[in-house]
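Just below is one structure, and these are the notes that go with it.
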(Lines of atoms letter the chains of each structure in order from A and count residues from 1; the text may use other names and numbers.)
(Lines give C-alpha, C1' and ligand atoms only; values in the text may rest on other atoms or scores of the structure.)
Protein backbone atom coordinates (compact mmCIF):
# COMPACT_ATOMS: atom_id res chain seq x y z
CA UNK A 1 0.00 0.00 0.00
CA UNK A 2 2.88 2.39 0.70
CA UNK A 3 4.05 2.11 -2.90
CA UNK A 4 0.56 2.83 -4.24
CA UNK A 5 0.26 5.97 -2.12
CA UNK A 6 3.69 7.11 -3.28
CA UNK A 7 2.65 6.78 -6.90
CA UNK A 8 -0.51 8.79 -6.30
CA UNK A 9 1.52 11.51 -4.61
CA UNK A 10 3.79 11.80 -7.65
CA UNK A 11 0.87 12.14 -10.05
CA UNK A 12 -0.98 14.61 -7.83
CA UNK A 13 2.11 16.76 -7.35
CA UNK A 14 3.03 16.90 -11.04
CA UNK A 15 0.01 18.47 -12.73
CA UNK A 16 -0.63 21.34 -10.24
CA UNK A 17 2.99 22.47 -10.53
CA UNK A 18 2.72 22.43 -14.30
CA UNK A 19 -0.53 24.42 -14.29
CA UNK A 20 0.95 26.95 -11.87
CA UNK A 21 3.97 27.51 -14.07
CA UNK A 22 1.75 28.08 -17.10
CA UNK A 23 -0.46 30.59 -15.26
CA UNK A 24 2.42 32.63 -13.87
CA UNK A 25 4.32 32.89 -17.13
CA UNK A 26 1.15 33.47 -19.14
CA UNK A 27 2.68 31.67 -22.13
CA UNK A 28 0.59 29.10 -23.96
CA UNK A 29 3.55 27.15 -25.34
CA UNK A 30 4.50 26.19 -21.79
CA UNK A 31 1.86 23.48 -22.00
CA UNK A 32 4.19 21.27 -24.08
CA UNK A 33 6.66 20.62 -21.23
CA UNK A 34 3.67 19.92 -18.97
CA UNK A 35 2.46 17.21 -21.35
CA UNK A 36 5.95 15.77 -21.51
CA UNK A 37 6.23 15.72 -17.71
CA UNK A 38 2.85 14.02 -17.52
CA UNK A 39 4.10 11.32 -19.89
CA UNK A 40 7.22 10.88 -17.76
CA UNK A 41 5.06 10.46 -14.68
CA UNK A 42 2.88 7.93 -16.47
CA UNK A 43 5.96 6.03 -17.65
CA UNK A 44 7.33 5.97 -14.11
CA UNK A 45 3.96 4.78 -12.87
CA UNK A 46 3.92 1.95 -15.41
CA UNK A 47 7.47 0.94 -14.49
CA UNK A 48 6.66 1.00 -10.79
CA UNK A 49 3.53 -1.07 -11.39
CA UNK A 50 5.63 -3.76 -13.07
CA UNK A 51 8.19 -3.79 -10.27
CA UNK A 52 5.43 -4.11 -7.68
CA UNK A 53 4.44 -7.50 -9.12
CA UNK A 54 7.93 -9.01 -9.25
CA UNK A 55 8.56 -9.60 -5.50
CA UNK A 56 5.41 -11.70 -5.24
CA UNK A 57 6.89 -14.27 -7.61
CA UNK A 58 9.63 -15.11 -5.11
CA UNK A 59 7.29 -15.83 -2.19
CA UNK A 60 7.13 -19.48 -1.04
CA UNK A 61 3.95 -21.44 -1.69
CA UNK A 62 3.38 -21.86 2.05
CA UNK A 63 5.40 -19.37 4.10
CA UNK A 64 3.93 -20.74 7.35
CA UNK A 65 6.22 -23.79 7.24
CA UNK A 66 9.52 -23.35 9.07
CA UNK A 67 12.62 -25.38 8.18
CA UNK A 68 13.40 -28.46 10.25
CA UNK A 69 16.32 -28.76 12.66
CA UNK A 70 18.50 -31.86 12.33
CA UNK A 71 21.54 -33.16 14.19
CA UNK A 72 23.51 -36.38 14.78
CA UNK A 73 24.54 -38.21 17.95
CA UNK A 74 27.28 -40.75 18.58
CA UNK A 75 25.44 -42.83 21.22
CA UNK A 76 24.03 -45.28 18.67
CA UNK A 77 24.61 -48.40 20.81
CA UNK A 78 22.90 -46.88 23.85
CA UNK A 79 20.04 -45.64 21.67
CA UNK A 80 19.35 -49.06 20.16
CA UNK A 81 19.43 -50.72 23.58
CA UNK A 82 16.96 -48.17 24.92
CA UNK A 83 14.58 -48.78 21.99
CA UNK A 84 14.75 -52.55 22.56
CA UNK A 85 13.82 -52.07 26.23
CA UNK A 86 10.89 -49.83 25.31
CA UNK A 87 9.29 -52.57 23.21
CA UNK A 88 8.91 -53.90 19.71
CA UNK A 89 6.84 -50.92 18.55
CA UNK A 90 10.00 -48.90 17.93
CA UNK A 91 11.68 -51.55 15.76
CA UNK A 92 10.68 -52.05 12.12
CA UNK A 93 12.11 -54.35 9.48
CA UNK A 94 12.13 -52.49 6.16
CA UNK A 95 12.29 -55.03 3.37
CA UNK A 96 14.29 -54.62 0.17
CA UNK A 97 12.45 -52.42 -2.31
CA UNK A 98 10.06 -51.16 0.38
CA UNK A 99 9.26 -47.76 1.85
CA UNK A 100 7.91 -47.42 5.39
CA UNK A 101 5.78 -44.38 6.22
CA UNK A 102 5.28 -43.55 9.89
CA UNK A 103 2.21 -41.33 10.22
CA UNK A 104 2.40 -39.06 13.27
CA UNK A 105 -0.62 -36.78 13.84
CA UNK A 106 -0.05 -33.44 15.53
CA UNK A 107 -1.04 -33.43 19.20
CA UNK A 108 -3.43 -30.88 20.65
CA UNK A 109 -1.08 -30.24 23.58
CA UNK A 110 2.09 -30.16 21.45
CA UNK A 111 3.83 -27.49 19.40
CA UNK A 112 6.86 -29.38 18.05
CA UNK A 113 7.67 -32.88 16.76
CA UNK A 114 10.92 -34.70 17.54
CA UNK A 115 12.30 -37.83 15.87
CA UNK A 116 15.30 -40.12 16.40
CA UNK A 117 16.34 -43.17 14.40
CA UNK A 118 19.19 -45.55 13.60
CA UNK A 119 19.72 -48.79 11.66
CA UNK A 120 21.87 -51.92 11.78
CA UNK A 121 24.80 -52.29 9.36
CA UNK A 122 23.43 -50.30 6.39
CA UNK A 123 22.09 -46.85 5.56
CA UNK A 124 18.49 -45.95 4.65
CA UNK A 125 16.68 -43.08 2.97
CA UNK A 126 14.82 -40.62 5.20
CA UNK A 127 12.57 -37.63 4.67
CA UNK A 128 9.65 -35.81 6.28
CA UNK A 129 6.40 -34.60 4.73
CA UNK A 130 3.41 -32.81 6.23
CA UNK A 131 -0.12 -33.75 5.21
CA UNK A 132 -2.77 -31.08 5.75
CA UNK A 133 -5.52 -33.29 7.11
CA UNK A 134 -7.25 -33.74 10.44
CA UNK A 135 -6.56 -37.17 11.91
CA UNK A 136 -9.29 -39.00 13.78
CA UNK A 137 -6.92 -39.82 16.65
CA UNK A 138 -3.41 -39.14 17.92
CA UNK A 139 -2.36 -42.74 17.27
CA UNK A 140 0.92 -43.24 15.40
CA UNK A 141 0.57 -45.73 12.53
CA UNK A 142 3.03 -47.50 10.25
CA UNK A 143 2.40 -48.19 6.56
CA UNK A 144 4.59 -50.32 4.28
CA UNK A 145 4.49 -49.92 0.51
CA UNK A 146 6.41 -51.25 -2.45
CA UNK A 147 8.65 -48.90 -4.43
CA UNK A 148 6.25 -48.98 -7.38
CA UNK A 149 3.50 -47.50 -5.22
CA UNK A 150 5.72 -44.63 -4.09
CA UNK A 151 6.90 -43.88 -7.60
CA UNK A 152 3.41 -43.79 -9.13
CA UNK A 153 2.83 -40.08 -8.56
CA UNK A 154 6.31 -39.17 -9.80
CA UNK A 155 5.83 -41.14 -13.01
CA UNK A 156 2.47 -39.43 -13.56
CA UNK A 157 4.02 -36.00 -13.14
CA UNK A 158 6.80 -36.84 -15.59
CA UNK A 159 4.27 -38.13 -18.13
CA UNK A 160 2.27 -34.91 -17.85
CA UNK A 161 5.43 -32.88 -18.40
CA UNK A 162 6.40 -34.86 -21.50
CA UNK A 163 2.92 -34.56 -22.96
CA UNK A 164 2.77 -30.80 -22.42
CA UNK A 165 6.23 -30.24 -23.93
CA UNK A 166 5.74 -32.42 -27.01
CA UNK A 167 2.10 -31.63 -27.62
CA UNK A 168 1.41 -35.29 -28.35
CA UNK A 169 -2.34 -35.85 -28.31
CA UNK A 170 -2.03 -39.62 -28.03
CA UNK A 171 0.17 -39.41 -24.96
CA UNK A 172 -2.49 -37.36 -23.23
CA UNK A 173 -5.10 -40.11 -23.12
CA UNK A 174 -3.48 -42.31 -20.44
CA UNK A 175 -2.90 -39.23 -18.30
CA UNK A 176 -6.61 -38.53 -18.22
CA UNK A 177 -7.17 -42.06 -16.99
CA UNK A 178 -4.61 -41.58 -14.16
CA UNK A 179 -5.44 -38.11 -12.94
CA UNK A 180 -4.62 -37.27 -9.34
CA UNK A 181 -7.45 -37.53 -6.87
CA UNK A 182 -8.55 -33.94 -6.09
CA UNK A 183 -9.95 -35.14 -2.76
CA UNK A 184 -6.51 -36.07 -1.45
CA UNK A 185 -5.12 -33.59 1.11
CA UNK A 186 -2.27 -31.27 0.21
CA UNK A 187 1.22 -32.43 1.23
CA UNK A 188 4.27 -30.20 1.83
CA UNK A 189 7.87 -31.39 1.95
CA UNK A 190 9.66 -30.63 5.22
CA UNK A 191 12.85 -32.69 4.74
CA UNK A 192 13.74 -34.18 1.32
CA UNK A 193 14.36 -37.92 1.17
CA UNK A 194 18.10 -38.66 1.12
CA UNK A 195 20.16 -41.67 2.13
CA UNK A 196 21.40 -41.25 5.70
CA UNK A 197 24.35 -43.02 7.34
CA UNK A 198 22.20 -43.88 10.34
CA UNK A 199 24.04 -47.19 10.81
CA UNK A 200 27.01 -45.16 12.05
CA UNK A 201 25.28 -42.59 14.29
CA UNK A 202 21.84 -41.58 15.53
CA UNK A 203 19.96 -39.16 13.29
CA UNK A 204 17.63 -36.80 15.13
CA UNK A 205 15.55 -33.76 14.29
CA UNK A 206 12.62 -31.54 15.20
CA UNK A 207 10.04 -29.38 13.49
CA UNK A 208 7.61 -26.76 14.77
CA UNK A 209 4.00 -27.53 13.95
CA UNK A 210 2.84 -25.47 10.93
CA UNK A 211 -0.75 -26.27 11.91
CA UNK A 212 -2.99 -29.27 12.46
CA UNK A 213 -2.16 -32.24 10.28
CA UNK A 214 -0.16 -35.45 10.03
CA UNK A 215 3.62 -35.81 9.73
CA UNK A 216 4.80 -38.47 7.29
CA UNK A 217 8.21 -39.89 8.22
CA UNK A 218 9.52 -41.73 5.15
CA UNK A 219 12.09 -44.51 5.56
CA UNK A 220 13.04 -45.42 2.01
CA UNK A 221 14.72 -48.71 1.15
CA UNK A 222 13.41 -48.83 -2.42
CA UNK A 223 16.93 -48.51 -3.84
CA UNK A 224 18.07 -51.75 -2.19
CA UNK A 225 17.46 -54.86 -4.29
CA UNK A 226 18.70 -57.45 -1.80
CA UNK A 227 19.16 -56.06 1.71
CA UNK A 228 16.49 -55.53 4.32
CA UNK A 229 17.12 -52.90 7.01
CA UNK A 230 16.35 -53.03 10.73
CA UNK A 231 15.12 -49.61 11.85
CA UNK A 232 15.09 -48.29 15.43
CA UNK A 233 13.07 -45.11 15.86
CA UNK A 234 11.34 -42.88 18.39
CA UNK A 235 8.93 -39.97 17.89
CA UNK A 236 7.51 -37.59 20.50
CA UNK A 237 6.18 -34.06 20.84
CA UNK A 238 6.92 -31.14 23.13
CA UNK A 239 4.79 -28.27 24.36
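Residue numbers (UniProt numbering): 1 to 239.
C-beta: ideal position from N, C-alpha, C; glycine also.
Every value quoted in this text rests on a predicted model; they were computed, and no experiment measured them.
DSSP places residue 193 in the uninterrupted beta strand (DSSP E) bounded by 187-196. For residue 83 against residue 232, the beta-carbon gap comes to about 4 angstroms, under 8 angstroms, which counts as contact. Beta-bridge annotation (DSSP): residue 228 is not paired with any residue.
Between the region 123-142 and the region 192-201, the count of Cβ pairs shorter than 8 angstroms is three or higher; the stretches touch. Fewer than three beta-carbon pairs drawn from the region 212-230 and the region 66-78 are found closer than 8 angstroms, and the two stretches are therefore not classed as touching.
With a cutoff of 7 angstroms on beta-carbon distance, residue 214 and residue 105 are scored as near each other. For residue 109, same chain residues with a beta-carbon under 8 angstroms away, outside a window of 5 residues either side, are 237, 239 in chain order. Residue pairing for residue 220: DSSP places it in a beta bridge opposite 99, 125. A distance below 7 angstroms between beta-carbons, with the five flanking residues on each side excluded, links residue 192 to the following residues of its chain, in chain order: 127. Annotated three-state conformation of residue 88 is helix, per DSSP. Residue 112 and residue 229 have their C-alpha atoms some 28 angstroms from each other. The beta carbons of residue 68 and residue 205 sit closer together than 7 angstroms. Annotation for residue 208: 66, 111, 112 place their beta carbon closer than 7 angstroms to its own, counting only its chain and skipping 5 residues before and after. Between residue 201 and residue 76, the beta carbon gap of about 6 angstroms places them in contact (Cβ cut-off 8 angstroms). The three-state secondary structure of residue 93, taken from DSSP, is strand. For residue 117, DSSP records a beta bridge to 203, 233. Residue 78 counts as exposed, since fewer than 16 other beta carbons sit within 10 angstroms of its beta carbon.
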